[in-house]
Amino acid sequence: RVKCAVEVISWRERRIRASISVNADVRCVWNSLTDYERLADFIPNLVSSRTIPCPYPGRIWLEQRGLQTALYWHIEARVVLDLKEHLISEGDRELHFSMVDGDFNKFQGKWSVKSTTQITTTLAYEVNVIPRFNFPAIFLERIITSDLPVNLQAIACRSETRFNNRNLLIPSRESSLGITSASSSSSIIESYVQSAAAAAAFGWGIFGKTCSLDRRPCVVDEVHLRRFDGLLENGGVHRCVVASITVKGTVRELWSVLTSYESLPEIVPNLAISKVLSRENNKVRILQEGCKGLLYMVLHARVVLDLLEHLEQEIKFEQIEGDFDSFRGKWILEKLGSHHTLLKYSVESKMRKDSLLSEAIMEEV
């Protein structure tokens with residue numbers, strides 16, 4: 001179980017702490033935490049993690065990219081971190097980090113790895129954060145404390161797998177490269193994290209996936225991805241996605257949920273703000289802001305969308321301000337008997353050739 005605590009330092013600054021007891025020794029936990037090049041293999045929503053040249057001896061610079069998607073938008077960000085490893089003793093180690101390049105005025109803290117017994121270790125995390133954007137601190141606080149348990153559980157799971165399968169692993173040097181587990185990272189995490197927050201963090205695969213929400217089965221019927229890059233004159237990434245899911249509920253009930261725009265943050269993970277800017281008959285303009293806490297970074301995004309409602313049938317949406325060159329699609333509701341509804345989602349997105357968003361990330365979106 002992950003314990004979280006929030007301390008208000010000032011009206012904008014927060015100090016957030018979290019800890020978890022891991023059934024593994026210090027070496028396994030430390031190797032998992034400092035396996036920098038492989039963190040993206042087992043940390044949810046972390047797309048890539050790699051070390052880059054650092055101008056300061058004895059320090060490590062780490063570049064990471066993260067991604068999170070929501071109803072109408074995505075969050076994608078890059079961060080460069082300065083890391084310093086402190087080996088206080090065999091059973092007491094710390095990893096200090098601070099942001100070199102990213103979206104916050106301040107984002108610094110440390111990981112602590114301390115032995116409690118020969119086979120158990122306490123993994124603790126502490127961070128001080130001040131957002132650069134005009135983003136409400138209360139939302140940032142809520143989202144980070146929601147995401148932290150998933151990240152710590154992922155590290156704990158990786159460490160316990162290393163410890164339990166130590167005889168099956170090929171040893172490596174006990175620092176940044178660590179040891180690679182023989183087990184699949186995706187199966188590790190899915191078997192360990194069963195909470196609603198964890199299910200939301202994993203997202204859907206390209207060909208569909210079953211997720212767990214509040215311990216109730218929720219099956220994605222199908223997801224289809226099409227590539228149309230050849231249709232862009234100057235190159236770039238052009239994708240179309242169609243997805244559908246069967247919902248136990250009437251069309252009217254589902255329509256009410258989808259169109260309660262300002263209440264969406266109550267049910268959509270990582271959506272902090274959803275505000276109706278204007279409404280004229282069936283035309284609605286909304287602003288949404290989201291935030292996602294990862295291992296060393298907090299993703300932030302803002303988008304403005306125009307929506308066109310066709311009562312209890314479909315909602316068309318198109319990005320007016322945001323990260324894509326073009327992002328538009330629609331939600332379609334179809335009645336299935338008296339108690340079920342087929343919810344369909346289709347979206348077309350385009351991104352420039354020189355965009356920061358890679359093709360792989362685009363397909364995840």
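Here the UniProt record's numbering is used: position 113 in the sequence shown is 113, and no number is missing along the way.
Cβ coordinates follow ideal geometry from the N, Cα and C atoms, glycine included.
Rounded to whole angstroms, Lys350 and Leu305 show a C-alpha spacing of 16 Å. By the Cβ criterion, the stretch 153 to 165 is in contact with the stretch 11 to 24, since at least three pairs of Cβ atoms, one from each stretch, lie closer than 8 Å. If the five residues before and after Arg17 are omitted, its C-beta is found closer than 6 Å to the C-beta atoms of Ala5, Glu126, all from its own chain and listed in chain order. DSSP lists Glu314, Lys344 as the bridge partner or partners of Ile332.
Around the beta carbon of Thr34, a 10 Å sphere encloses 16 or more other beta carbons of the protein chains shown; the residue is thus reported as buried. Contact between Val129 and Phe104 holds, since their C-beta atoms are separated by about 6 Å, short of 8 Å. The beta carbons of Ala156 and Ile43 sit no closer together than 8 Å. Assignment of beta strand (DSSP E) within the UniProt domain "Coenzyme Q-binding protein COQ10 START" (22 to 155), counting only whole runs of 3 or more residues, yields 46 to 52, 60 to 69, 74 to 89, 92 to 101, 104 to 115, 121 to 131 in chain order. Around the Cβ of Val257, a 10 Å sphere holds fewer than 16 other Cβ atoms; the residue is exposed. Residue nearest to Ile332 within the set Thr250, Glu314, Asp325, Ser260 is Glu314 (criterion: CA-CA distance). Going by C-alpha positions, Gly109 is about 15 Å away from Asn151.
Beta-bridge partners of Cys4 (DSSP): Ala18. Annotation for Val113: Val26, Val29, Trp30, Leu33, Arg93, Thr121, Leu123 place their beta carbon closer than 7 Å to its own, counting only its chain and skipping 5 residues before and after. Fewer than three pairs of CB atoms, one per stretch, sit closer than 8 Å, so the stretch 265 to 278 makes no contact with the stretch 239 to 253. With fewer than 16 other beta carbons inside 10 angstroms of its own, Arg252 counts as exposed. In the structure shown, Val251 adopts helical secondary structure according to DSSP, grouped into three states. Look at Glu13 here: in three-state DSSP terms it is coil, with no helix or strand label.
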